[in-house]
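Data first, discussion second: the structure below is written as structure tokens.
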Amino acid sequence: MAQTTLFSREEIVKRVAEMGQQISADFAGREMIALCVLKGAVFFCTDLVRNISLDVALDFIQVSSYGNQKYSSGVVTILKEPQLDMHGKAVLIIEDIIDSGLSMREVFRYIESRGASMVRTATFLDKPAARKVPFSADYVGFSIEPQFVIGYGLDYAEKYRNIPEVQVLSE
Ligand code: PRP
Numbered sequence: 074m075a076q077t078t079l080f081s082r083e084e085i086v087k088r089v090a091e092m093g094q095q096i097s098a099d100f101a102g103r104e105m106i107a108l109c110v111l112k113g114a115v116f117f118c119t120d121l122v123r124n125i126s127l128d129v130a131l132d133f134i135q136v137s138s139y140g141n142q143k144y145s146s147g148v149v150t151i152l153k154e155p156q157l158d159m160h161g162k163a164v165l166i167i168e169d170i171i172d173s174g175l176s177m178r179e180v181f182r183y184i185e186s187r188g189a190s191m192v193r194t195a196t197f198l199d200k201p202a203a204r205k206v207p208f209s210a211d212y213v214g215f216s217i218e219p220q221f222v223i224g225y226g227l228d229y230a231e232k233y234r235n236i237p238e239v240q241v242l243s244e
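Our numbering numbers the first residue of the sequence shown as 74 and each following residue consecutively.
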């Protein structure tokens with residue numbers, strides 16, 4: 074397996090700071106909940122919320138569509154539900170990557186059904202060419218080609234999440 078750098082730590086830090094500024098402006102004056110989609114988005118989420126200059130509550134949801142495979146099974150199940158009351162809140166769903174769009178579509182629907190007054194989505198990486206269902210995130214860190222990426226939370230069979238940069242994994 075070869076690993077090549079796609080986004081360096083410096084590029085990531087700069088882009089996440091920009092996203093935090095934009096999100097802070099857009100969510101100003103609202104009761105905000107940052108909802109991290111476990112597990113991959115933990116790294117992006119903790120960096121992003123530290124760049125948000127508002128009071129922000131933090132919660133977690135976990136869905137599973139992949140298992141230990143490189144490709145999505147297409148079946149999305151909610152493994153862990155959020156704990157906070159979403160009613161009337163402005164929720165920012167935070168993902169590490171949108172691939173087929175199935176996970177984000179499911180989480181988005183679920184949070185809307187919990188009575189949030191505003192639901193926005195932020196993804197660190199977006200792979201638009203891999204969509205199986207249409208989905209556009211409100212905030213996108215980087216748009217990438219349909220290649221297999223690891224690091225900064227992204228895994229392959231649970232490995233590589235702790236690599237501080239984003240790398241392309243190839244045969
Ligand atoms: C990955 C990623 C997204 C989802 C994106 O999660 O973190 O949640 O897949 O793919 P999709 O757009 O095709 O649904 P995964 O299920 O691998 O869990 P993990 O975050 O715990 O690694």
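Idealized CB from N, CA, C, for every residue including glycine. Bear in mind that the values here come from a model prediction, so they are computed numbers and not experimental data.
* State the CB to CB distance for the pair THR119 and GLN240, rounded to an integer number of angstroms; the pair is presumed to be in contact (CB under 8 Å). => Position 46 of the sequence shown, counted from the start, is the residue given in the question as residue 119. Position 167 of the sequence shown, counted from the start, is the residue given in the question as residue 240. Actually they do not touch by this definition, with Cβ atoms about 20 Å apart.
* Grouping DSSP H, G and I as helix and E and B as strand, with all else coil, what is SER137? -> Position 64 of the sequence shown, counted from the start, is the residue given in the question as residue 137. DSSP places SER137 in strand when its eight states are reduced to three.
* Using the Cα positions of ALA203 and GLY113, report the straight-line distance between them to the nearest angstrom. => Numbered from 1 along the sequence shown, position 130 holds the residue referred to as residue 203. Numbered from 1 along the sequence shown, position 40 holds the residue referred to as residue 113. Between ALA203 and GLY113, the C-alpha separation is close to 18 Å.
* When ILE223, PHE181, LEU152, ILE167 are compared against PHE80, the one with the closest alpha-carbon -> Here the question's residue 80 lines up with position 7 in the sequence shown. The option with the nearest alpha carbon to PHE80 is ILE223.
* Inspect the CB distances between the stretch 168-178 and the stretch 203-218 and report whether three or more fall short of 8 Å. => yes
* Does the separation of the CB atoms of TYR229 and GLU238 fall below 9 Å? -> Position 156 of the sequence shown, counted from the first residue, corresponds to residue 229. Position 165 of the sequence shown, counted from the first residue, corresponds to residue 238. For TYR229 and GLU238, no; Cβs fall outside 9 Å.
* Asked: Using 8 Å as the threshold, is the stretch 125-134 in touch with the stretch 154-163, meaning 3 or more CB pairs across them?
  -> yes
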